[in-house]
Amino acid sequence: MDSLSIRDLEELALELDDNDPLKGFRDKFKLPTMFELVNQVNGASSHGGTSDSAEVIYLCTNSLGLPPKSTGQNLEKVLESWRTMGVLSHTQGCSPTETSDLRPKEILAEYIVGAKVNEVAVMESLTANIHTLLASFYRPEGKKCCILIEKNAFPSDYYALESQVHLRGVDKSALIELDLRPNNKYLATKEIIDEIKELGEKLAFVWLPGVSYLTGQMLDIPSITEAVHNFCNCPVGWELAHSVGNVPLALHDWNVDCAAWCGYKYLCGSPGGCAGIFVHEKHFLKPGEFAPTEEHKYAPTLTGWWGHRYSTRFQMTNKMEVEGGADSYRRSCPSMLLNSALTSSLEIFAEAGGMTPLREKSILLTSYLEALLFNTPIAQSSGLELITPSDVQSRGSQLSIKVNVDVEKLYNRLIKRGVICDTRKPCYIRLAPFALYTSFNDVLKAGKIITEEIGALLED
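Throughout the sequence shown, residue numbering follows the UniProt record's numbering, covering 1 to 460 in sequence.
See below:
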């Protein structure tokens, strides 16, 4: 976005909100108010002219999405089925347990991750699903035993990868961290591919984030996936916790081997809610097969009864027949409550038309926020430094900013003024507007408050 005056930016907010095709979706979500914040959060107290009835400015969907208003209503219906039907709610009533994951996987496949329905499974949690995929796709053999990961990967990824390496009796040095080149703020696709070429046949698996949790950089999934297949002859998996519901994906067409994500960030599926996996159909066992075969060597390894074929699951034969597709990797009975919460949100994504309109708005939101923050004297005096790519095609709906003030003090001051964002030590704030419920006026107010509070801290 070209440089604009502050007045131009204020007028632009009004115009963008008036013409926003998604503006009606904000009312489908419950945003906290200042009154609720003040009464429930330690240290929060309204000041700076913020009305107690005003909704907070929520820029933290990259950590936890807000609940749709329909979530509570749908959960009550599911609870009523449980209350009034008992065990019969497994198969009947509102969102029966045994089929409660079918609707969310349909929406995820069609509208969000770009997959065939049978390539998606809604199940468990992100870390559990990383273990599930690694158990099948990480097959170390001799010197071909290394895993390429992002340096400073999110701990849920790193701990799972580290434990899988240890479980296979492989030295920890097999975890190779992809680091930034000197003086670079983020990873360049060419540098990633060069590293992949150099490592070549040493790699048994590659596990990278679609969007970096710290910088907000969006990696080139199709190009990197193709390079891994061409130069390493091994599978590549993608951690999509900060990608799903944030940026458009085409996992099937990109020939991705496997992927995992959580359901509580941009998907707004509730804290600790149901996560999901993608497995490309080229890796599927044939119906009725159980063990990995020569043709399909990445088949389910950590199996459970919910991965058993539905038609014979309750015959209790103790003879494993996999369901087929990504559902073969499931282990346990799904949660009707968690799936109801996830479905409540996903129905809104479907109603909005999927990721294309969300992506169009998120590009405008982050561009507008960037213009606000870096069209100020604060930015020019080194109070702010953007560590997210300025190229909108290389980032999701997040700006990560290095601040030259005490980040905890800044965070607390922002909370008191009704701006909820996220911090990462030692000196970063992460700002994540979300297309379904963030307005451009929200961003305008947040930009003013952030620069004012940084200015106040610089003067202290």
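We put the CB at the ideal spot given by N, CA and C, even for glycine. Remember, it's a predicted structure, so these values are computed and weren't measured experimentally.
In terms of Cβ geometry, L240 and W207 do not form a close pair [threshold 8 Å]. Apart from the 5 residues on each side of it in sequence, L79 sits with its Cβ closer than 8 Å to the Cβ of L337 in its chain, given in chain order. In the three-state reduction of the DSSP assignment, W306 falls in the helix class. Taking C-alpha positions only, H229 is separated from G114 by approximately 20 Å. Burial of A432 is indicated by the presence of at least 16 other C-beta atoms within 10 angstroms of its C-beta. Where E177 is concerned, the enclosing beta strand (DSSP E) starts and stops at L175 to L178. Three or more Cβ pairs closer than 8 Å define a contact, and the segment 54–61 falls short of that threshold against the segment 374–386.
Taking the CA atoms as reference points, S390 sits about 43 Å from T99.
Annotation for K297: R139 place their beta carbon closer than 8 Å to its own, counting only its chain and skipping 5 residues before and after. According to the DSSP assignment, W238 belongs to the beta strand (DSSP E) that extends over V236 to E239. The shortest CA-to-CA distance from I130 to any of A259, S439 and L75 is the one to A259. K190 is classed as exposed because its beta carbon has fewer than 16 other beta carbons within 10 Å across all chains shown. The residues D52, S53, A54, E55 and V56, in chain order, have a CB closer than 8 Å to that of T33 in the same chain once the five nearest residues on each side in sequence are set aside. Looking at the DSSP output, K416 bridges to nothing.
Between the segment 148–162 and the segment 277–286 there are fewer than three C-beta pairs closer than 8 Å, too few to call the two in contact.
Following the DSSP letters along the chain, one finds D422 inside the beta strand (DSSP E) bounded by residues D422 to R424. Annotation for S344: P68, S70, T71 and N74 place their beta carbon closer than 7 Å to its own, counting only its chain and skipping 5 residues before and after. In the same chain as E408, and ignoring 5 residues on each side of it, the C-beta atoms closer than 8 Å to its own belong to T423, in chain order. By the C-beta density criterion, E141 is exposed, having fewer than 16 other C-beta atoms within 10 angstroms. The segment 331–366 is shown to contain whole alpha helix (DSSP H) runs of 4 or more residues at 336–352, in chain order. Inter-segment contact for the segment 386–404 and the segment 206–223 is present: three or more beta-carbon pairs are separated by less than 8 Å.
A straight-line Cα-Cα distance of about 22 Å links V244 and I192.
Between E453 and P426, the alpha-carbon positions lie close to 18 Å from each other. Residue pairing for W254: DSSP places it in no beta bridge.
By the C-beta density criterion, D257 is buried, having at least 16 other C-beta atoms within 10 angstroms.
Using a Cβ distance threshold of 8 Å, T91 and L302 do not count as a contacting pair. Per the coordinates, the alpha-carbon of R395 lies some 7 Å from the alpha-carbon of V211.
For A128, the uninterrupted alpha helix (DSSP H) run begins and ends at L126 to F137, by DSSP. Contact between L175 and L187 is ruled out by a C-beta separation of about 17 Å, above the 8 Å threshold. If you draw a straight line from the Cα of R168 to the Cα of R330, it is about 22 Å long. Excluding its 5 nearest sequence neighbours in each direction, E294 has no C-beta neighbour in its own chain below 8 Å.
Excluding residues up to 5 positions away in sequence, D17 lie with their Cβ nearer than 6 Å to the Cβ of S439 in the same chain.
Between the segment 107–122 and the segment 264–281 there are three or more C-beta pairs closer than 8 Å, enough to call the two in contact.
Note on P209: 16 or more other CB atoms within 10 angstroms of its CB, so buried under the neighbour-count rule. CA-CA distance, I6 to P21, rounds to 25 Å. In the DSSP assignment, the residues bridged to F29 are P68.
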